[in-house]
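See below for the structure under consideration.
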Amino acid sequence: MDTLYLVIPCYNEEEVLPETSSQLKKKIVSLVAKGKISAQSRIVFVNDGSKDKTWEIISKLHEEDKIFQGIKLSRNKGHQNALLCGLMTVKDHCDMTISLDADLQDDINAIDEMVDKYYEGCDVVYGVRSARDTDTFFKKFTAEGFYKVMKMMGADVVFNHADYRLMSRRALDGLQNFKEVNLFLRGVVPMIGYKSDSVYYERKERFAGESKYPLKKMLAFAWEGITSLSTKPIKMISMLGGLIFIVSIIMLIYSVVRHFMGATEIGWTSTIVSIWAIGGLQLLAIGIIGEYIGKVYLETKERPKFIVEKYLSDDE
Ligand code: UDP
Ligand code: MG
3 MDTLYLVIPC YNEEEVLPET SSQLKKKIVS LVAKGKISAQ SRIVFVNDGS
53 KDKTWEIISK LHEEDKIFQG IKLSRNKGHQ NALLCGLMTV KDHCDMTISL
103 DADLQDDINA IDEMVDKYYE GCDVVYGVRS ARDTDTFFKK FTAEGFYKVM
153 KMMGADVVFN HADYRLMSRR ALDGLQNFKE VNLFLRGVVP MIGYKSDSVY
203 YERKERFAGE SKYPLKKMLA FAWEGITSLS TKPIKMISML GGLIFIVSII
253 MLIYSVVRHF MGATEIGWTS TIVSIWAIGG LQLLAIGIIG EYIGKVYLET
303 KERPKFIVEK YLSDDE
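Going from the sequence shown to the numbering used here is simple: count from 1 and add 2.
The structure is reproduced here in structure tokens:
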């Protein structure tokens with residue numbers, strides 16, 4: 003029997019943790035009873051620099067029951083980094099991990115099926131939302147738009163899959179080789195390879211607390227994803243440049259023809275318009291190229307993705 007570790011990033015989740023921890027514990031206990039996972043399986047909370055009582059709750063859970071473990075980041079590093087930190091910290095203690103959100107919006111009953119698929123030989127099992135009925139129109143629209151825009155911009159992500167997924171130890175070892183600082187998990191995991199599959203579930207409402215992903219963070223996240231996965235924006239600029247070049251050649255031929263026809267009046271308007279058009283295009287192009295140069299700059303710095311302050315593990 004293989005060992006399963008659940009990894010849950012938590013940022014200001016004091017309202018949901020008591021309920022989440024008891025539900026997850028029930029799930030693990032039932033899976034152990036069914037003989038699907040070993041009794042060494044654990045639930046690991048990663049405290050992402052919360053400002054509330056989250057860490058106190060995690061510490062207490064660990065004290066009372068060693069099925070719970072806690073990792074405390076030195077400060078808030080964002081969902082993706084907290085998750086990555088959790089996965090990399092537990093990697094060598096288990097055979098498979100499942101990452102999920104603290105609010106249990108992602109149906110934990112899908113865990114059974116994920117584990118089944120793991121035994122069928124999958125190294126990565128994606129949790130995919132089959133329905134978003136409980137999301138508000140706005141959340142649904144922006145979230146689905148997110149996946150569509152990502153795809154359009156050349157960042158290949160699994161549609162309607164967030165970070166609810168099972169990963170085997172082998173897959174995590176692969177993930178570790180992606181040394182980039184701007185790590186966009188959803189885009190990088192499919193690049194690892196290995197056999198993968200999806201399980202479908204209905205996304206529920208957050209039962210307490212509020213979303214830590216406001217629109218501003220979501221837009222930043224999408225931009226992060228596009229610029230760290232794809233060079234399509236640059237290609238689009240080059241294509242636009244090419245198009246404008248062709249148009250300018252046609253314009254040149256047109257004006258030469260007009261010249262020999264005797265209509266030599268040169269329009270001030272067209273001059274001004276072209277200055278603006280070229281100027282604007284150049285600025286846009288420089289801006290986008292600058293984005294990538296910014297990334298290169300960050301990569302060369304090799305900043306740590308996370309710093310662990312404490313690791314409440316079994317042998318303490
Ligand atoms: N989260 C985190 N660090 C952050 C923001 C969020 O660890 O800076 C965690 C949060 O505690 C939750 C998960 O990421 O477990 C997803 O956040 P949330 O449920 O607020 O996002 P939504 O479901 O609204 O997209
Ligand atoms: Mg949520």
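We treat Cβ as the ideally placed atom computed from N, Cα and C, and that holds for glycine. These numbers come from a predicted model, not from an experiment.
Heavy atom of ligand 2 within 6 Å of residue i beta-carbon
i: Asp50; result: no
i: Asp137; result: no
i: Gln284; result: no
i: Asp165; result: no
i: Arg44; result: no
Residue i Cβ short of 6 Å to ligand 1 heavy atom set
i: Gly80; result: yes
i: Cys12; result: yes
i: Glu204; result: no
i: Glu146; result: no
Alpha carbon of residue i to alpha carbon of residue j, nearest angstrom
i: Cys12; j: Leu242; result: 43 Å
i: Arg254; j: Ser198; result: In the sequence on display, residue 254 carries Leu and not Arg. Straight-line Cα distance between these residues: approximately 55 Å.
i: Ser315; j: Leu187; result: 25 Å
i: Ile39; j: Ala112; result: 15 Å
i: Lys181; j: Lys297; result: 13 Å
i: Lys2; j: Met152; result: Residue 2 falls outside the range modelled here, since the chain spans only 3 to 318, and no answer is possible.
i: Asp118; j: Val126; result: 12 Å
i: Met220; j: Phe262; result: 57 Å
Expected contact under 8 Å - CB spacing of residue i and residue j to nearest Å
i: Ser232; j: Gly156; result: 4 Å
i: Val201; j: Met116; result: 6 Å
i: Ile10; j: Ala104; result: 5 Å
i: Gln107; j: Arg205; result: 6 Å
i: Leu86; j: Lys307; result: 6 Å
i: Tyr7; j: Cys124; result: Actually they are not in contact, since the Cβ atoms of Tyr7 and Cys124 sit about 17 Å apart, beyond 8 Å.
i: Val249; j: Ile73; result: The Cβ separation is near 57 Å, so there is no contact.
i: Asp109; j: Tyr203; result: 4 Å
Residue i classed as buried or exposed, judged by whether at least 16 other C-beta atoms fall within 10 angstroms
i: Glu226; result: buried
i: Thr22; result: buried
i: Gly129; result: buried
i: Asp165; result: buried
i: Tyr120; result: buried
i: Arg218; result: Looking at the sequence shown, residue 218 is not Arg but Lys. The residue is exposed, with fewer than 16 neighbouring Cβ atoms inside 10 Å.
i: Gln82; result: buried
i: Tyr256; result: exposed
i: Arg131; result: buried
i: Ser101; result: buried
i: Asp50; result: buried
i: Thr99; result: buried
i: Ile60; result: buried
i: Ser170; result: buried
Nearest residue (CA-CA) to residue i, options the options
i: Phe47; options: Val34, Phe70 and Ile251; result: Phe70
i: Ala224; options: Asp158, Ile288 and Asn179; result: Asp158
i: Glu16; options: Ala210, Lys219 and Ile248; result: Ala210
i: Lys36; options: Leu8, Asp50, Leu19 and Asp4; result: Asp4
i: Trp57; options: Leu19, Ser250, Tyr166 and Ala222; result: Leu19
i: Ile236; options: Tyr294, Lys74 and Ile246; result: Tyr294
i: Tyr149; options: Glu65, Asp54 and Ile228; result: Ile228
i: Ser230; options: Pro216, Val190 and Phe262; result: Val190
i: Tyr299; options: Ser240, Ser170 and Asn184; result: Asn184
i: Arg44; options: Gly296, Glu146, Asp67 and Asp50; result: Asp67
i: Met193; options: Ala173, Met220, Gly289 and Ser250; result: Ala173
i: Asp317; options: Ser32, Gln42 and Leu33; result: Gln42
beta-carbon residue i near ligand 3 non-hydrogen atom, thresh 6 Å
i: Tyr215; result: Here the bound small molecules are ligand 1 and ligand 2; ligand 3 is not part of this structure.
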